[in-house]
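**Student:**
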Amino acid sequence: MADAPTESPATDTPSGRDYRDTVFLPETPFPMRGGLPQKEPLILEQWGDLYATLRAERQKQNAPLFVLHDGPPYANGDIHIGHALNKTLKDFVVRSRFLLGYDVDYVPGWDCHGLPIEWKIEEQFRAKGRRKDEVSKDEFRRACRDYAGTYIDLQREQFKRLGAVGDWANRYATMDFTAEAAIVAEFHKFKNSHQLYRGSKPVMWSPVERTALADAEIEYHDHVSPTIWVKFPVTGMSDSHPDDLLAFRTATPSIVIWTTTPWTIPANRAISYGPEINYGLYEVTALVEGLAFEPWAKPGDRLIVADKLAEEVFKAANIAAWTRIYDIDPSGLECAHPLADLDPGYGFSVPLLAGDHVTDDAGTGFVHTAPGHGADDYAVWLAHGHREVPDTVDPDGAYYDHVPLFGGLKVLETEGKKTGKFGPANGAVMDRLIEAGTLLSCGRLEHSYPHSWRSKAPVIFRNTPQWFIRMDEPLKSGDTLRETALNAIDATAFHPDQGRNRIRSMVESRPDWLVSRQRAWGAPLAMYVDKQTGQPLHDPEVDARIVAAIQQGGADVWFTADDAAFLGVHDPARYEKVEDILDVWFDSGSTHAFTLDPRLPENGYTGDRPAHWPADLYLEGSDQHRGWFQSSLLEGCGTRGRAPYKAVLTHGFTLDENGEKMSKSRGNTTDPLTIIKESGADILRLWVSLVDSSEDQRSGKQILQTTVDAYRKLRNTVRYLLGALNGFTEAERITDYDQFPPLEKFILHRLWELDAQVRQAYAEYRFQDVVRPVLEFCSGDLSALYFDIRKDSLYCDRPDSVKRRAVRTVMDEVFNRLTAWLSPLTPFTMEEAWTTRFPDAGTNCARVIPETPSEWENTAEADRWSRIDAVLSTVNDALETARRDKRIGGALDAWPVVTAPAELLAPFDGLDAAEVFRTSGAELVTGGDAVSVEVRVAEFPKCARSWRRVPDVGSDPAYPDLSARDADTVRWLDAQKS
714 MADAPTESPA
724 TDTPSGRDYR
734 DTVFLPETPF
744 PMRGGLPQKE
754 PLILEQWGDL
764 YATLRAERQK
774 QNAPLFVLHD
784 GPPYANGDIH
794 IGHALNKTLK
804 DFVVRSRFLL
814 GYDVDYVPGW
824 DCHGLPIEWK
834 IEEQFRAKGR
844 RKDEVSKDEF
854 RRACRDYAGT
864 YIDLQREQFK
874 RLGAVGDWAN
884 RYATMDFTAE
894 AAIVAEFHKF
904 KNSHQLYRGS
914 KPVMWSPVER
924 TALADAEIEY
934 HDHVSPTIWV
944 KFPVTGMSDS
954 HPDDLLAFRT
964 ATPSIVIWTT
974 TPWTIPANRA
984 ISYGPEINYG
994 LYEVTALVEG
1004 LAFEPWAKPG
1014 DRLIVADKLA
1024 EEVFKAANIA
1034 AWTRIYDIDP
1044 SGLECAHPLA
1054 DLDPGYGFSV
1064 PLLAGDHVTD
1074 DAGTGFVHTA
1084 PGHGADDYAV
1094 WLAHGHREVP
1104 DTVDPDGAYY
1114 DHVPLFGGLK
1124 VLETEGKKTG
1134 KFGPANGAVM
1144 DRLIEAGTLL
1154 SCGRLEHSYP
1164 HSWRSKAPVI
1174 FRNTPQWFIR
1184 MDEPLKSGDT
1194 LRETALNAID
1204 ATAFHPDQGR
1214 NRIRSMVESR
1224 PDWLVSRQRA
1234 WGAPLAMYVD
1244 KQTGQPLHDP
1254 EVDARIVAAI
1264 QQGGADVWFT
1274 ADDAAFLGVH
1284 DPARYEKVED
1294 ILDVWFDSGS
1304 THAFTLDPRL
1314 PENGYTGDRP
1324 AHWPADLYLE
1334 GSDQHRGWFQ
1344 SSLLEGCGTR
1354 GRAPYKAVLT
1364 HGFTLDENGE
1374 KMSKSRGNTT
1384 DPLTIIKESG
1394 ADILRLWVSL
1404 VDSSEDQRSG
1414 KQILQTTVDA
1424 YRKLRNTVRY
1434 LLGALNGFTE
1444 AERITDYDQF
1454 PPLEKFILHR
1464 LWELDAQVRQ
1474 AYAEYRFQDV
1484 VRPVLEFCSG
1494 DLSALYFDIR
1504 KDSLYCDRPD
1514 SVKRRAVRTV
1524 MDEVFNRLTA
1534 WLSPLTPFTM
1544 EEAWTTRFPD
1554 AGTNCARVIP
1564 ETPSEWENTA
1574 EADRWSRIDA
1584 VLSTVNDALE
1594 TARRDKRIGG
1604 ALDAWPVVTA
1614 PAELLAPFDG
1624 LDAAEVFRTS
1634 GAELVTGGDA
1644 VSVEVRVAEF
1654 PKCARSWRRV
1664 PDVGSDPAYP
1674 DLSARDADTV
1684 RWLDAQKS
């Protein structure tokens, strides 16, 4: 009843009675305003160890086990919006699986090793006037461990404040002694299966961090580099070339290369060409005139370039005219190094090598080849039988002292204000090329360049001895690690499915896994290498002693204990201890080994925290196809022959309201801790549930305000239900489906429909497809239709009437399902609602979704109310116009006459149209081609209790100001009181 009284009408009725206390208005202590920032901590306190409670409950029920393995956040700083999104999604998984009746294993963890913490500790020691090399490794590692421990404790409390449930009491950390021991044991499996090898090859090297980096640690940013075109004089040729190519009467021809890394020229050992590319010998005949400088090219110069790129090269060199002499086959040519005239250290021959990586899309069609500073360079150098790779740049990004002309010059600055900037090496090399007369041209180019994702500083390719895991050597199964991983990808479910192609393409093309790092804070490559053979020591007793010692005293013991204590019968003098640390991705990729393995029943576990392997789900951001998903995949495949997960769920990244990347410097970040403090965790959680988390999502004040508005509507729906159900008992419940009126059957059908949708959406981790249909149900089917129509019956019918009992029975079913369905998403609010109504029934979080009777499915009622809606919307528009024109005060003053074709009025058969329209009366007339409405004024007296204007007002002499229905209800109430 749209105009149902929330306050009593005037009391100067014929009977003089005030009927306010006879109207059954909703009553509940559940407040309209959430007050979540104050309420949520109290609910957390009431929950206590909720996770342990839920596991115990499900294990009593012999529930099936679901394992979500946590991808560890880094133990550094307060949580940010990315953390909040990730942990909230994981909590949705955990709580929804409990809701679906599972026992859920979820152990939160932290990644503790690595450079960010190492840098922080270096800063702390520098602030005390101590350089890193003045601090013992043992003291330094202890400081790192203490720092990480502080942030584990901080972040744990912040995650718990989000409402995230998990086995916090048994959290894991990669720096725990047991974890470090397990990581080393996993590393030993690779070592002992001969998947590990030491190779000297160019790797991504960060001079700022002084360590090698894996692909997963690289990100690309725009960078401006110098570009140079350099002439390599041809000094030798095979018999297949024209005799006059090196004739004395003409200038010595030069092969022209183009590069964006001038600093690599001292490391040049070859030039690569494309066998399928057409090359020509060109002679310069004229230069561009009127320039403010003199070009380095000269008339008569003879240059060899790819035909397709010749014009572009000559334009860059300010060459105005040229003549093509003839075709050139680069095979069999030899060149001099462009710096050979300046120092005998460059007096070696530079061969021409055929390479499939060479194209004529840009540059000159030739590739300057420095095998110590590029993957393709290294590969083509080795493919042609060369083995010696020169070392030109040291770990600090400076030329070694033995590099002619440039010893000691910095390629990349690693200290001071210029840290991360390119040093003087590029300029020095260009100056020397000018001096040698071999620089043809130079310029600048903005392009995408690799940077360390931690330091944000540029990286370089640098030849270093490192430890690698082979991707393409057969394992015991006969397949290579790459093949095993690709098969595992095919066997894994991906949410969304496009994640499969993304990780697959990365694994197909990735190089061998670089696992060694030259830093201090991490799990060590705890092994010994035979100094004579260069091979790792394979002795299970030595490995066992190493793992046992680390389990007892942590990885620090590897750096402090005497070698003899580990080596046993082996002579320490014969073995080299490897003190590199493992790639942190190897750490996190091994987490399944120490988090799940120890709690497998097949491994003898009998406690109350069982797990299984592989995990059912890994959940992280989409960037982890390159990171944790992939390292876990490779680790699991390399040690166990399959991925440690059955399914992978990925989410996007949070951008600001304009779709821009968030940055503290730009001031466009969204702080989750501020949202929680000002609005509550349920607001943040509702935002996460509303967005399509599989894509990048946006957040900001306006978006969060929209979330607050959605929350307010949801809260008001729950509040109304609580008020309407005040005093509801089982004795009042309608159990015979046939007794329900059509409208109630429609709402029960909608519950049946939503039940299937919610269960399926939760099962497939589509949380947006839970909350959006449920919110639409609340605002559409409930608030705009059901609650509005049934207010009159709820407020004014006799409590023992079948109709009112049916209303309250359906509302009870709605309440029971809403509080269950939304419990994983807004657990604080649903807990508050549940315990408001059932203070002694235990936590709402322990419930499973109520079973929905199949008899509730009623497509006929769904069709009826869908067709009614078309008529109802027209009636509502007409009533609103009449109200605006002040012909009526409210809908109960109206008696609309609705004219429509028979098929449009057929759904109203068996219904009270006035009840549907929320008017005092209504008349349905068959006719016309469409719906038309005449809003007449109800001419009958107004009921003093329900405000309806109906013919039977005053029909009961005892209650002359009430309708017959209201008089009957009041008589019943009066009898109850007497």
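Numbering (our numbering), first residue to last: 714 to 1691.
Where a beta carbon is used, it is the ideal one built from N, C-alpha and C, also for glycine.
Predicted, not measured: the structure shown is a model, and the values here were computed from it.
#1: Check GLU1047 in the structure and name its three-state DSSP category.
#2: Under 9 Å between the Cβ atoms of VAL1648 and THR1594?
#3: In the DSSP output, which residue or residues are listed as bridge partners for GLU1333?
#4: Thinking just about the alpha-carbon of each residue, which of GLY1150, GLY1121, GLU893 is nearest to the one in PRO1137?
#5: Using 10 angstroms around the beta-carbon of PHE1061, count the other beta-carbons present and answer buried if the total reaches 16, otherwise exposed.
#6: Who are the Cβ neighbours of LEU1686 in its own chain at under 6 Å, not counting the five residues just before and after it?
#7: Thinking just about the alpha-carbon of each residue, which of GLU1616, PHE1653, SER1633 is nearest to the one in GLY1641?
#8: CB ALA1583 to CB PRO1609, shorter than 9 Å?
#9: Just to confirm my understanding: we take THR1532, look at its own chain, exclude 5 residues before and 5 after, and list those with CB closer than 7 Å. What are they?
#10: If we ignore side chains and look at the alpha-carbon of each, how far apart do GLY1320 and PRO1314 end up?
#11: Could you give the distance in angstroms between the alpha-carbon of SER721 and the alpha-carbon of VAL1683?
#12: Between PRO1249 and GLU1348, what straight-line distance do the alpha-carbon atoms span, to the nearest angstrom?
#13: How many Å lie between TRP1607 and ARG1463 at the Cα?
#14: How about ILE1032 and VAL1071: do their beta carbons lie closer than 9 Å?
#15: Going by CA-CA distance only, name the one from ILE1389, VAL1646, PRO979, ALA1619 that's closest to PRO1057.
#16: Just how far apart, CA to CA, sit ASP731 and GLY1667?
#17: In its own chain, which residues sit with a C-beta less than 7 Å from the C-beta of ALA1274, not counting the 5 before and 5 after it?
#18: Compare the Cα-Cα distances from VAL1401 to each of ASN799, LEU763, ILE756 and report the closest residue.
#19: Taking C-beta to C-beta, are LEU1046 and HIS954 nearer than 9 Å?
#20: Could you tell me whether the Cβ atoms of VAL969 and VAL943 are closer together than 9 Å?
#21: Keeping to the same chain, check which residues put their C-beta closer than 8 Å to that of ASP1525; ignore five residues upstream and five downstream.
#22: For SER1659, which of PRO1540, SER1506, ILE1581 has the nearest alpha-carbon?
#23: What does the Cβ neighbour count give for ASP1040, buried or exposed, with the cut at 16 atoms within 10 Å?
#24: Helix, strand or coil for THR1077, going by three-state DSSP, please let me know.
#25: Given this structure, state the Cα-to-Cα distance separating SER1579 from ASN1371, to the nearest angstrom.
#26: Going along the chain, which residues of its own chain have a beta-carbon closer than 8 Å to the beta-carbon of ASP851, five neighbours each way excluded?
#27: Return the first residue and the last residue of the alpha helix (DSSP H) that LYS1699 is part of.
#28: Beta-carbon within less than 7 Å of THR891's beta-carbon, same chain only, minus the 5 sequence neighbours each way: which residues are those?
#29: Less than 9 Å between the C-beta atoms of TRP1534 and VAL1471, yes or no?
#30: Under 9 Å between the Cβ atoms of ALA1651 and VAL1638?
#31: Measure the CB-CB distance between TRP1180 and LEU1238 and report whether it falls below 9 Å.
#32: Could you give the residue range of the beta strand (DSSP E) that holds MET1184?
#33: Go through its chain and collect everything with a Cβ distance to VAL1527's Cβ below 8 Å, but skip five positions before and after it.
#34: SER951: buried (16+ other C-beta within 10 angstroms of its C-beta) or exposed?
#35: Of the residues GLY1603, TYR1112, ARG1428, which one's Cα is nearest the Cα of SER1492?
#36: Comparing C-alpha positions only, which one of VAL1116, PHE853, PRO1614 sits nearest to ALA1141?
**Tutor:** For this structure:
#1: strand
#2: yes
#3: THR1363
#4: GLY1121
#5: exposed
#6: THR735
#7: GLU1616
#8: no
#9: MET1543, ALA1546, TRP1547, ASN1557
#10: 9 Å
#11: In this prediction, SER721 scores a pLDDT of 41, lower than 50, which makes its location untrustworthy; no coordinate-derived value is stated.
#12: 19 Å
#13: It should be pointed out that residue 1607 corresponds to Ala in this sequence rather than to Trp. Answer to the nearest angstrom: the Cα atoms are 30 Å apart.
#14: no
#15: PRO979
#16: 16 Å
#17: ALA1262
#18: ASN799
#19: yes
#20: yes
#21: LEU1438, PHE1441, ARG1446
#22: SER1506
#23: exposed
#24: coil
#25: 38 Å
#26: ASP1269, PHE1272, THR1273
#27: The shown model of the chain, from 714 to 1691, leaves out residue 1699, and the question about it has no answer.
#28: GLN1264, PHE1307
#29: yes
#30: no
#31: yes
#32: Here MET1184 belongs to no beta strand (DSSP E), and DSSP marks it neither H nor E.
#33: LEU1434, ILE1460, LEU1464, LEU1495
#34: exposed
#35: ARG1428
#36: VAL1116
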